[in-house]
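First to last, the protein sequences are chains A and B. With the numbering used here applied, the first sequence covers 14 to 269. With the numbering used here applied, the second sequence covers 6 to 356. Positions of the beta carbon are idealized from the N, C-alpha and C atoms, including for glycine. These numbers were taken from a predicted model, which means no experiment stands behind them. A short worksheet on the structure shown next.
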Amino acid sequence: MKKNVSILCLILLFVSCNSSDDSVSPSEVSATFKFTHNWNGTLIRNFDFGPIQYVNANGESIGFERLRYVISDITFTKANGEEIELDVYNLVDLTNEINLEYTPNNQIPTGNYTNVSFTFGLDNEDNAENYTDLNSASFNVPEMMGGGYHYMQFDGKFINSNNEEQGFNYHAIRAVDNLGANPTFPQDTFFTVNLGAIAITNDVEIEVKMNIAEWFSTPNLWDLNIYNQTLMPNSTAQIMMYENGQNVFSLGDVIQ
Amino acid sequence: MKNGLILIAFIIICSGCSSDDSGYQPASLSLDIPEIFSNNIIPPVIPTDNPQTAEGVALGKKLFFDGILSSDGSKSCASCHSPQNAFSDNTPTSIGVAGVAGFRNSMPLFNLAWNYNERFTWTGRELSLERQIEGPVTNPIELQNNWEDVVERLQNDPEYPELFELAFNTSTISKDLITKAIAQFERTLISANSKFDQYSLGQASLTQQELNGLDIFLREDKGDCFHCHGNPNNPLWTDNDFHNNGLDATLTDLGLGAFTGDPNDNGKFKTPSLRNLAYTAPYMHDGRFATLDEVIDHYSEGLQNSPTIDPLMKKVAQGGVQLSPQEKADLKAFLLTLSDPSFLNNPDFQN
C-alpha cells in the first residue's frame, strides 16, 4: 500500500509539473473571432439602434434597426502559400448580440501567418447548401431571386429629401438578373476580407471591426433617396454593395 | 483497507438500490418531428427540467380541457384555444369567466416547441411556455382563479393525484407541475401537413394561381411577405420576432415596448405564423381584421406610419405594396395552401 501511494505521488508530481510548465508552447490553439461594429470609430452596440443619430457620407441622417450577416471559410495563410481553410460559417447578429464571438471547432497550428481572411457572405458552392440554422433564422433568399441566403440584412431608417423618415433595407445577396425560374448572375458579390498578417503563439482572440459607415461611402457614394428598399432584385445595387464592402472590415486588437 | 473497500462497496450497492428501487418511471415520449421540419429547421426546444412523457402529455391534455382551472369551473384553456380554430378563438378577443372581454386576440397554438427564442404571447413577455401558462389562470379577465385554490381542488379530486403520480412520480400537486404538464401537451400540437407541406415534399401540386401567389409572397417588389413570415425553407411561416406592422399611427397598445420598457419596441407584436390562417380569423393582436382579405388590404394600401414602424414595411408613404386585385386573389390562394385540416381533426388533440 505504501509503495502504491509513493507511485501515485510520483505520477501526480509529473502531471502537476507538466501542466504548470509555462515554457512549453502549445502546437495548436483555438482562434476566436470577435466582431465589433462602429460608425467611423464610434462603437455601435444594439442599444444604439433605433434613433436616427448618425449621418452618412451623402449627408443623410440615419438610424439602425437590424444588422446581421454571414461570414464563412476562415482561412489562415502561411508565407509558403500553405492555407488552412476552415469550412465554417457564422451568422453575426448585432441586433440580438448573438454570435459576436465565434470560435471554430478546429484548432490552429501556432506560427506566423501572412494573412488571415474570411468570406463575407457565402461563396456560390456554400450558398447552394441547406443550412437548418440559417433557415430557422429566416435568412433565405427566395429561389426566384437565385436562392441561397442573404449575405447581410441591414435595416434602418433615414430622413429622405422630403424631410420624412423612411425605411431602408440594405440587403446584400448574390447579384441576380432575370428573376424567375431561370435567374442569371451578372457577377459574384461575396468577397474575401483580408485581415493581414498575424503571428499566433497561443489561444488567440482576433477582433474584426466593421465600420458600418463604409457601406455608404466608397467607392460608391450611397444615396439612400435612390437606393433604399427593394434592393435584392437590383443587381446594380448589389454590385455597389459588393464594391463598398471591400473597405468595411479591418483587423482590430489581437489578444493572446 | 479491507474494511474501507467493504464500506465503499456497501455504499455503491445502496445507491444502486436507491435508484433501481424507485421503480416506476413515466414513459419518455419524443416529439414526432415532421419530415418537412427535420429537413429544414433546427430541432425543437424541450426544457431539460420538463422532458416529454406519455403520462405528462396525457395529464396536460386533461388539464387543458378541464374547467377546474377556472374560478367557477366554466372555462378551460380550450375555451379560448379551440381545436377547431387551430387552438385560437373565433372572436376578436375572448370572454373570460366574468363575462368580460380581454384586449388581445387569442393566439393559435401549434409548433410551439419551435419558438426558438422562447418568448411567448403577442408581447413576448413570457419567457417559457411553462411560464406563459401561469398567467391566464389568475388573470381576472380570463380564468380569474388563484393557484392555491387550483392546487387544492386538484389535490382533492378523485383522479388527479394519481395522474400526477404517474406523470411526475409524486401525488403532491403544485403550480409548477400543473404548468409543466400543460406545456408538455401543448408541445405535441404540431401542424405540418398542409397542402403546401405536401407540395414541398413532392406529394402534391399547386394550382397556377397558388404558384402566382407564392411568387407575390416571395418577391421583394411585390408582397415581400417572406422577410417576416418565412419561406418554403422555413416551414414555421414566422420569424418568431416582433415588428410594428403599421397598424396604427398613434400607438396606444405598446406591445413589446410595455414589456421591455424600450420606446423603440413600442407597437411591436409577435409575428404570428401563417399556418392555418383559414381557421384563425379574426386577425392581428387585437382581432381587428375579420377576414384575410382585410389583412391583405392592410399591407397593400392601409399602412399607418409611426415612429417604430418596421423598415421592412414597404412604400409606407403610399400605404403599402399596392397589389392589384388579381395579385391579392393570388396571394390569398397561396396563403390558404398553408391550411392543415388534419391538425384540426387530429384525435390526439380533441377533448
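- Query: Quick one: complete beta strand (DSSP E) runs, 3+ long, within the stretch 148-214 of chain B?
  - Reply: none
- Message: Quick check: the Cα distance between P240(B) and W127(B), rounded to an integer number of angstroms?
- Response: 20 Å
- Query: Distance, Cα to Cα, T108(A) vs P268(B)?
  - Reply: 16 Å
- Task: For the alpha helix (DSSP H) holding D106(A), just list the boundary residues, first then last.
- Result: Counting along the chain, D106(A) falls outside any alpha helix (DSSP H), though it belongs to the beta strand (DSSP E) covering 96-106.
- Query: Where do the ends of the alpha helix (DSSP H) carrying E139(B) lie?
  - Reply: 134-143
- Task: Between the Cα of H86(B) and those of P48(B), S75(B), F69(B), spot the shortest distance and give me the residue it belongs to.
- Result: F69(B)
- Under 6 Å Cβ to Cβ from A210(A), same chain only, skipping five residues before and after it: list those, please. T127
- Message: Cβ closer than 7 Å: which chain B residues qualify as neighbours of N182(A)?
- Response: P316, L317
- Message: One question on the structure: do V261(A) and W228(A) come within less than 8 Å of each other, judged by their Cβ atoms?
- Response: yes
- A83(B), enclosing alpha helix (DSSP H) - first and last residue: 82-85
- Which full runs of the alpha helix (DSSP H) of 4+ residues lie inside the stretch 115-162 of chain A, going along the chain? 137-140, 145-149
- Query: Roughly how many whole angstroms lie between the Cα atoms of R192(B) and T96(B)?
  - Reply: 24 Å
- Message: Assuming the contact rule is C-beta atoms closer than 8 Å, V156(B) and I178(B) should be a hit. Round their C-beta distance to whole Å, please.
- Response: 5 Å
- Can you tell me the Cβ-Cβ gap for D298(B) and N217(B), rounded? I've got them flagged as a contact below 8 Å. The pair is not a contact, with the Cβ atoms about 17 Å apart (cut-off 8 Å).
- Query: Nearest-angstrom Cα distance between K67(B) and F294(B)?
  - Reply: 33 Å
- Query: Taking DSSP as the reference, what is the three-state secondary structure of T249(A)?
  - Reply: helix
- Message: Only counting the same chain, and skipping five residues up and downstream in sequence, which positions put a Cβ closer than 7 Å to that of T143(B)?
- Response: N150, N151, W152
- Query: S85(A) lies in the beta strand (DSSP E); which residues open and close that run?
  - Reply: 74-91
- L341(B) versus Y284(B): straight-line alpha-carbon distance, rounded: 10 Å
- Measuring only between beta-carbons, confirm whether R136(B) sits less than 8 Å from chain A. no
- Message: For the stretch 141-165 of chain A, list every residue whose C-beta sits within 7 Å of some C-beta in chain B, in sequence order.
- Response: T145, D146, N148, S149, S151, N153, P155, M157
- Message: In whole angstroms, give me the CA-to-CA distance for L36(B) and T116(A).
- Response: 31 Å
- For T45(A), which beta-bridge partners are listed by DSSP? E218(A)
- Task: Kindly say whether F92(B), judged by its beta-carbon, lies nearer than 8 Å to any beta-carbon of chain A.
- Result: no
- Message: Counting only C-beta atoms, is Q251(A) closer than 8 Å to chain B at any point?
- Response: no
- Query: Using a Cβ cut-off of 7 Å, which residues of the stretch 216-238 of chain A contact any Cβ in chain B, in chain order?
  - Reply: none
- Item | Spatial neighbours of T45(A) in its chain, beta-carbon cut-off 8 Å, leaving aside the 5 residues before and after | E114, Y115, T116, D216, V217, E218, I219
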